[in-house]
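Number of protein chains: 2
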Amino acid sequence: MDLWITEYQTPALGFSCKINSTLKVEQTPYQHLAVVDTQQFGRMLLLDGMVMTTDVDEYVYHEMIINVALNSHPNPENVLIIGGGDGGALREAVRHPLVKKATLVEIDAQVIEASREFFPQMSCAFENPKAQVIVEDGVKYVKDHVDEFDIIVVDSTEPVGPAIALFSSEFYKACAGALQEDGMLVVQSESPFFNRNVIEMAYTGISEHFPLAKLYLASIPTYPSGLWSFTIGSKRYDPECPLCADYALKYYNPEVHRAAFVLPEMTREILAGIGSGR
Amino acid sequence: MDLWITEYQTPALGFSCKINSTLKVEQTPYQHLAVVDTQQFGRMLLLDGMVMTTDVDEYVYHEMIINVALNSHPNPENVLIIGGGDGGALREAVRHPLVKKATLVEIDAQVIEASREFFPQMSCAFENPKAQVIVEDGVKYVKDHVDEFDIIVVDSTEPVGPAIALFSSEFYKACAGALQEDGMLVVQSESPFFNRNVIEMAYTGISEHFPLAKLYLASIPTYPSGLWSFTIGSKRYDPECPLCADYALKYYNPEVHRAAFVLPEMTREILAGIGSGR
Chain A
-16 MDLWITEYQT PALGFSCKIN STLKVEQTPY QHLAVVDTQQ FGRMLLLDGM
34 VMTTDVDEYV YHEMIINVAL NSHPNPENVL IIGGGDGGAL REAVRHPLVK
84 KATLVEIDAQ VIEASREFFP QMSCAFENPK AQVIVEDGVK YVKDHVDEFD
134 IIVVDSTEPV GPAIALFSSE FYKACAGALQ EDGMLVVQSE SPFFNRNVIE
184 MAYTGISEHF PLAKLYLASI PTYPSGLWSF TIGSKRYDPE CPLCADYALK
234 YYNPEVHRAA FVLPEMTREI LAGIGSGR
Chain B
-16 MDLWITEYQT PALGFSCKIN STLKVEQTPY QHLAVVDTQQ FGRMLLLDGM
34 VMTTDVDEYV YHEMIINVAL NSHPNPENVL IIGGGDGGAL REAVRHPLVK
84 KATLVEIDAQ VIEASREFFP QMSCAFENPK AQVIVEDGVK YVKDHVDEFD
134 IIVVDSTEPV GPAIALFSSE FYKACAGALQ EDGMLVVQSE SPFFNRNVIE
184 MAYTGISEHF PLAKLYLASI PTYPSGLWSF TIGSKRYDPE CPLCADYALK
234 YYNPEVHRAA FVLPEMTREI LAGIGSGR
């Protein structure tokens, strides 16, 4: 029997992986959750039918959503991750020597449980002494904390359903409030090829509440178009400038850090269309 | 009726596009050729079931396979393109003001004909006064010319079937011979995520016959993994250094040119494994 799973990345584009087995399928209070074992990418986590992460390429997304901010902030002691229940971003945060505390706030406990059960390489940081894992609504959590974090990372799903609040100007304002006076906010902002509107939403909203807003890119094979964007807001430090030169991971290195901010012309034009350009 | 076309990018990975219509399906003397009209990417050319180019994202591949060399060679008067029967690379070559002559050598006349019929934005350069279109085996053509071209571009299919000769050390040696003493060779060398062996083959072979060999990358949504590599061999000039700063296309700009040579750590390791590293 030939089993395949297909993500409809758009209504007219399918991304299909041959699978060895289905490990978990459940409806949580928030979303449909599936874990499958694919031949191409190892184990894969899907939420509402969208590929969230896979064993084989998770390192790109997790390294790049965390380490750009960590290596451009001189003292990233206290990190907050909103979403990211798989634990991959948390793993990246706790292994940085300057990070003293990393708090993960995930709304859906069943994502955390699925990761504990099926993704040991990502969930390995849940028990780390620097880590705190909280099951709560990230929007509420951020509003309840003021002037506390050095870095906030929003590792969310696409802006549909409950995640739509994580792309609002009001939420970015609350993040700015929860950050210290030299803090940084990083959010995943989808594909420059397919999700121009998401980039516009994130970049516009972050620009309203942070003096510096920049976009950077990474290549992630299992995400639509293979090219993914992150939008970063900074109160003081230039996020383009890596501080430590001796910092090579599996995808990330300081040269990749700088180059990730160099945008293809068609992506520059998205930002120029918003008004500020680069 | 819901029509989809699926490319099996690997035996365990399918890339499926919803199509409006099938415009052409034929067996040429060299390969199976299909043109379909997709909803996501406009018209799409497939050879032996593999996506070669689409209306929507062809600009990335064609800009990047041509303009990096054109903008790092001070006098790219005479350009040879092997393969590239769709005409997209030729279009990029002839529009450069310093290019006086661009010769396209494609083995399969039916690819050229299909492009003339269905891809006007790519085939527009066939009648350009700077262009010469020859239907011939590129391997033979290169052997028959000595000390003639400033730039040779190998716009080939994957190294299977007839294209395998285009990835051999012997062919790269012939290209070095057909180039002038300060010439450059550019070849497409597949995905760093999926085709490590192709990169190794191209990089090793080119290193044997050119004093400078470098790899650069571009993001192409319809190619496997979305990240594509090009290997460049140069007899004199450093291909990383753009000469003209006022040079913005749709994807390419001089900053993208430099950044394209910055390799993620896992891609650096492919080259380091070959021995020379970067």
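Protein chains in written order, with the working numbering: chain A, -16 to 261; chain B, -16 to 261.
C-beta: ideal position from N, C-alpha, C; glycine also.
Predicted model, so just to flag it, every value in this text is computed and none were measured.
- In the structure shown, E9/A falls within a strand segment according to DSSP collapsed to helix, strand and coil.
- The C-beta distance from F213/A to Y199/A rounds to 5 Å, short enough to fall under 8 Å.
- Assigned with DSSP and collapsed to three states, I48/A falls in helix.
- H240/A is the residue among I253/A, H240/A and T(-11)/A whose C-alpha sits nearest the C-alpha of E248/B.
- Between Q23/A and chain B, the shortest Cβ-Cβ separation is below 9 Å.
- By the neighbour-count definition (other C-beta atoms within 10 Å, threshold 16), I117/B is an exposed residue.
- Inside the region 169 to 212 of chain A, DSSP marks whole alpha helix (DSSP H) runs of 4 or more residues at positions 179 to 192, from first to last along the chain.
- Here H15/B carries a strand assignment [DSSP, helix/strand/coil].
- If you look at L29/B, you'll find it in the beta strand (DSSP E) that goes G25 to L30.
- DSSP places V62/B within a strand segment (E or B) once states are collapsed to three.
- In this structure, G32/B is the residue among F(-2)/B, I215/B, N3/B and G32/B with its C-alpha nearest to the C-alpha of V143/B.
- With respect to chain B, the C-beta atom of P222/A has no partner C-beta closer than 9 Å.
- Counting only residues of its own chain and dropping the five nearest sequence neighbours on each side, D133/A has a CB closer than 8 Å to the CB of H56, N58, P59, E60, N61, V62, L162, Q163, D165, G166 and M167.
- Secondary structure of K126/A (DSSP, three-state): helix.
- Just so you know, the alpha carbons of A114/B and N178/B end up roughly 33 Å apart.
- Inter-residue distance for M105/A and F244/A is about 26 Å (C-alpha atoms, whole angstroms).
- Taking 9 Å as the CB threshold, R241/A lines the interface with chain B.
- Per DSSP, M(-16)/A lies in no beta strand (DSSP E) segment and is marked neither H nor E.
- About 28 Å separates the CB atoms of N3/B and L232/B; that is not less than 8 Å, and the two are not in contact.
- Exclusion of the five residues before and after I189/A leaves Y155, A196, T214 and G216 as the residues of its chain whose Cβ lies within less than 6 Å of its Cβ.
- Between A52/B and P222/B a beta carbon distance of about 6 Å is seen, short of the 8 Å cut, so the two are scored as contacting.
- With a threshold of 9 Å between beta carbons, D40/A makes contact with chain B.
- Uninterrupted beta strand (DSSP E) stretches at least 3 residues long and entirely within the region 65 to 111 of chain A occur at 84 to 89, given in chain order.
- With contacts defined as CB atoms closer than 9 Å, D120/B and Q171/B fail to qualify as a contacting pair.
- If you compare the alpha carbons of S174/B, K218/B, M184/B and T21/B with that of S(-1)/B, the shortest gap goes to T21/B.
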